[in-house]
Amino acid sequence: MMCPQSSSVRKKMSGLCKGQVQICATINRGVCSPGETLSVVAKICNSSSRNTRLKFKLQQVTVYSCQDNTNSSKETLFKMVGDTIRPNSEQTASCQLKVPSDAIPTIHNCEIISVEYYIKVYLDVSFALDPEVVFPLVILPSKFAPAQSREAVGPETVESPAYSEFTSSTFTTGLDPILTGSGVYQYPTPDPTQHANITSDYNQWPQGAASQGSVPAFIAPSVQHPGPTALHGEEPPLYLSIYQHQNE
C-alpha cells in the first residue's frame, strides 16, 4: 500500500459517441493520514468523436448495519476538474489531492459501521457512461501513519554501552586489585592515617581521598598479644618431660 499503484481502463463508446477512450492513472501510495497530500497522474487517450474532461475525486463511503438492515451514504471530500480533451488527442494531467484534516480513519473491523475511501479518476463524456479508474485508500490516524522522513533517513539505532565501558575508575572502593607491570594483580597499600582514625573511634577519610575519587580501605587495627612467659630464673620444661608426666 505504500508503493505507487497503477491501473488503466479502456472503453468503447456507443450511441451518439463513437470510438474509444483510455485512461492510465497512478497514485504515489494507498495509505495516508488526515491532512496529507497525495499525487495522482493520469494519461488519457481520446479516440472518440466527442470532447471529454478529466476529473479527480476523493469519496467517502459509510455503511451502517443493524441486524439484516444496511444503509449507506457517499460523500465527496475532494474534487478537481481538468482541461477539455479534444477528439483524437492525448493528454497527461496531474493532481495534488489533499486529504481533509478532519477525515475520520478507515473502519473495517466494526459490525455496525464501516468507513472506506476511494480515489476515482474518470472521464466526463456526454451521452455515455463515464469510464473510471478506482483506487482504494486507507486513512490511518496520524500517530500510526508511517513517517516519510524516517524512510528517507533510515531507522535510528541506539547502542547500549558494553560492560567493558564501565571502567574501574568509575566505581572505586579502594579494595580493587591493581595490575602491576609483571602481569600480577596486587592490592594497594593501605593509608596509614586511616589506622589512627579507626582506633580513636572516629572514622574520618584522609585528606585527598575525595579528590582521588576513591574510598580508602578499611584496615583492622593490629593488636599483638604477648605469648606465655616462664618464671624468672626457671628454664622452660622440655617436651619429653611433659609427655612422661602425663603417662604416669
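Numbering of the sequence shown is given in full-length UniProt numbering, commencing with residue 1 and proceeding in unit increments. Yeah, the Cβ is synthetic: ideal placement off N, Cα and C, and Gly gets one too.
What's the C-alpha gap between residue 41 and residue 25? So the two alpha carbons sit approximately 6 Å from each other.
Who does residue 141 pair with in a DSSP beta bridge? Under DSSP, no beta-bridge partner is assigned to residue 141.
Any chance the segment 4 to 14 sits against the segment 126 to 143, with 3 or more Cβ pairs inside 8 Å? Counting Cβ pairs under 8 Å, three or more are found: they touch.
Do you know how far the Cα of residue 67 is from the Cα of residue 144? Between residue 144 and residue 67, the C-alpha separation is close to 32 Å.
Take residue 60 and list the residues in its own chain whose beta-carbon comes closer than 6 Å to its own, dropping the five residues that flank it on each side. Listed in chain order, the non-local C-beta contacts of residue 60 below 6 Å within the same chain comprise 75, 77, 117, local neighbours out to five positions each way being set aside.
Let me know if residue 72 comes out buried or exposed under the rule of 16 or more other beta-carbons within 10 Å of its beta-carbon. An exposed status is given to residue 72, since fewer than 16 other beta-carbon atoms sit within 10 Å of its beta-carbon.
Within its chain, find whatever has a CB closer than 8 Å to the CB of residue 39; leave out the 5 residues flanking it on each side and keep chain order. A distance below 8 Å between beta-carbons, with the five flanking residues on each side excluded, links residue 39 to the following residues of its chain, in chain order: 27, 28, 94, 95, 96, 97.
Assigned exposure category for residue 33 - 16 Cβ within 10 Å defines buried: Taking all protein chains shown into account, residue 33 has 16 or more neighbouring C-beta atoms within 10 Å of its C-beta and is therefore buried.
Which partner residues does residue 112 have in the DSSP bridge list? In the DSSP output, where bridge partners are listed per residue, residue 112 has none listed.
Which residues bound the beta strand (DSSP E) around residue 88? Per DSSP, residue 88 belongs to no beta strand (DSSP E) and is neither H nor E.
Can you name the start and end residues of the beta strand (DSSP E) that residue 40 belongs to? Secondary structure note for residue 40: its beta strand (DSSP E) is the uninterrupted segment 37 to 46.
Looking at the secondary structure, which residues open and close the beta strand (DSSP E) in which residue 24 lies? Looking at the DSSP string, the run of the beta strand (DSSP E) that includes residue 24 is 20 to 27.
Taking the alpha carbon of residue 121 as the point to measure from, which residue in 81, 49, 109, 16 has its own alpha carbon closest? The closest CA to that of residue 121, considering only 81, 49, 109, 16, is found on 81.
Residue 140 beta carbon less than 8 Å from that of residue 105: It is a contact, given that the beta carbons lie within the stated cut-off.
Roughly how many angstroms lie between the CA atoms of residue 46 and residue 126, to the nearest whole one? Rounded to the nearest whole angstrom, the CA to CA distance from residue 46 to residue 126 is 13 Å.
Which partner residues does residue 105 have in the DSSP bridge list? Residue 105 pairs with nothing; no bridge assigned.
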